[in-house]
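In the working numbering, the protein residues as written are 868 to 942.
By construction, the Cβ of each residue, glycine as well, lies at the ideal position given by its N, Cα and C atoms.
Just so you know, these numbers come straight off a predicted model, no measurement behind them.
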Amino acid sequence: MGIVSLRLNDAEEEIFRSYAIHTGKSLSELFKTALAEQIEDQLDYEIGIKTLKKFQENPVTHSIDDVLAELEDGL
868 MGIVSLRLND AEEEIFRSYA IHTGKSLSEL FKTALAEQIE DQLDYEIGIK
918 TLKKFQENPV THSIDDVLAE LEDGL
């Protein structure tokens, strides 16, 4: 298992430790969760941009009724 060192100033450390105590989670868990969420947000953003570009190239839309009918036909 890898270890990552993180430098914090006194104010950051106080805030982060206080929050960890408040939530009952370790600093490690909080930092890993925050980083994972950042990565997920970035990936979602990139997928959104690609999808928007595809739509701009071929702006075809479908109504909810059409989608539901197609799904029902597939069942």
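Item, Value
"Using only the alpha-carbon positions, how far apart do Y886 and L875 sit?", "14 Å"
"With respect to the alpha helix (DSSP H) encompassing K892, which residues constitute its N-terminal and C-terminal limits?", "Segment: none, K892 is in no alpha helix (DSSP H) and carries neither H nor E."
"Which residue wins for smallest C-alpha separation from M868, given the options E880, T890, S895 and E937?", "S895"
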